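Colleague:
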Amino acid sequence: MDDIASARASCRAMHAACTEGFVGRRVALEREAAMKWNERERYGAVVEHLAAAGNPEACFLAGLAIVFATDGQCYAGPAGAQCLARAAKAGHKAAVYVLGLLRYHAGDEEDAAMYLRQVEGEDAAGNAAGYMTNRECVQCRAQAEAAVREVTWNVIVEPSPAPVALPKEGSRCTAAGCGVPQGWSNYGVFCSEDCRIRHEHAQFSALVSLPDSNLVHY
Numbered sequence: 001m002d003d004i005a006s007a008r009a010s011c012r013a014m015h016a017a018c019t020e021g022f023v024g025r026r027v028a029l030e031r032e033a034a035m036k037w038n039e040r041e042r043y044g045a046v047v048e049h050l051a052a053a054g055n056p057e058a059c060f061l062a063g064l065a066i067v068f069a070t071d072g073q074c075y076a077g078p079a080g081a082q083c084l085a086r087a088a089k090a091g092h093k094a095a096v097y098v099l100g101l102l103r104y105h106a107g108d109e110e111d112a113a114m115y116l117r118q119v120e121g122e123d124a125a126g127n128a129a130g131y132m133t134n135r136e137c138v139q140c141r142a143q144a145e146a147a148v149r150e151v152t153w154n155v156i157v158e159p160s161p162a163p164v165a166l167p168k169e170g171s172r173c174t175a176a177g178c179g180v181p182q183g184w185s186n187y188g189v190f191c192s193e194d195c196r197i198r199h200e201h202a203q204f205s206a207l208v209s210l211p212d213s214n215l216v217h218y
């Protein structure tokens with residue numbers, strides 16, 4: 001009987017610990033891949049619970065679900081942006097990347113450039129070497145695309161985008177090699193922040209449908 005009582009006490013202690021917010025924030029959600037595909041409803045409830053606790057990956061997925069999968073529409077409402085911002089604040093780099101592209105899509109180029117500098121680990125002055133790359137953006141783009149696929153269940157057609165996107169005014173960047181992949185690498189070197197953010201916006205919007213810029217709210 002003493003052993004049974006001890007086991008019950010241990011279970012209660014474990015349950016109490018797992019319901020604490022600080023525990024939820026540290027749960028490695030990526031380890032629940034089997035649940036994600038085999039127990040979708042349960043996995044969704046876990047994501048919702050962990051997002052409420054401030055878990056970065058759960059906040060990221062919850063934010064993407066609101067932005068890209070709300071009633072089958074793309075709508076970057078306050079709740080979606082807030083979830084992404086919580087993930088970004090906790091250091092989730094892909095969330096920072098998506099926020100930057102949403103800000104650019106909404107016409108806020110200054111904030112968009114700031115977010116991409118965070119992704120690349122640059123300060124306001126840019127890269128000390130005098131050039132800018134999208135090395136980290138490439139990784140975040142792949143992570144964000146996979147996450148959008150997960151929350152929308154849509155099959156995304158593989159794109160064939162140009163190395164550098166057209167500027168909004170309609171003229172193409174004339175800098176030699178701007179945005180062209182370096183050797184065998186999958187990232188490019190850019191002549192300016194404007195070229196880099198345009199490039200990333202074109203790449204990501206070719207992979208997923210971004211919200212109507214008139215419907216983006218923060």
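Quick note: the sequence shown, position 87, residue 87 per the UniProt record's numbering, numbers continuous. Backbone N, C-alpha and C define an ideal beta-carbon position, used for all residues, glycine too. Keep in mind that this is a model prediction, so the values were computed, not measured.
For Val208, name the three-state secondary structure that DSSP assigns.
Modeller: Three-state result, Val208: coil.
Colleague: If you scan the stretch 63-127 from start to end, which runs of the alpha helix (DSSP H) of 4 or more residues do you find wholly inside it?
Modeller: The qualifying runs are 78-89, 93-105 and 109-120.
Colleague: By the 10 Å Cβ neighbour count, where 16 or more other Cβ atoms means buried, how is Asn134 classified, buried or exposed?
Modeller: Its Cβ being crowded by 16 or more others within 10 Å, Asn134 is buried.
Colleague: Compare the beta carbon distance of Ala112 and Ile197 with 8 Å and say whether it is the shorter of the two.
Modeller: Result yes, Cβ atoms of Ala112 and Ile197 sit closer than 8 Å.
Colleague: For Phe68, which residues of its own chain have a beta-carbon under 7 Å away from its beta-carbon, when the five flanking residues on both sides are left out?
Modeller: Excluding sequence neighbours, Phe68 sits near Cys74, Val148, Val151, Thr152 and Val208.
Colleague: Going by C-alpha to C-alpha distance, which of Met35, Leu29, Ala65 and Lys36 sits closest to Ala53?
Modeller: Closest by alpha carbon: Leu29.
Colleague: Mind checking whether residue 267 and Ala51 have CB atoms under 8 Å apart?
Modeller: Outside the displayed span of the chain (1 to 218) sits residue 267, for which this structure offers no information.
Colleague: Among Leu210, Met132 and Tyr97, whose alpha-carbon lies nearest the alpha-carbon of Gln182?
Modeller: Checked all of Leu210, Met132 and Tyr97; the closest Cα to Gln182 is Met132.
Colleague: My assumption, with CB atoms under 8 Å, is that Cys195 sits in contact with Cys173. Please give the rounded CB distance.
Modeller: The Cβ separation is near 5 Å, so the contact holds.
Colleague: Whose CA, out of Leu99, Arg141, Lys93 and Glu109, lies closest to the CA of Gly121?
Modeller: The residue with the shortest Cα to Cα distance from Gly121 is Lys93.
Colleague: Do the CB positions of Leu101 and His201 come within less than 8 Å of each other?
Modeller: Yes, they are a contact pair.
Colleague: Could you tell me the alpha carbon to alpha carbon distance between Ala176 and Ala88, rounded to whole angstroms?
Modeller: Their backbone Cα atoms lie some 34 Å apart in a straight line.
Colleague: Distance, Cα to Cα, Val27 vs Glu57?
Modeller: Going by the C-alpha atoms only, they are around 9 Å apart.
Colleague: Opposite Phe190 in the DSSP bridges: which residues?
Modeller: Bridge partners of Phe190: Met132.
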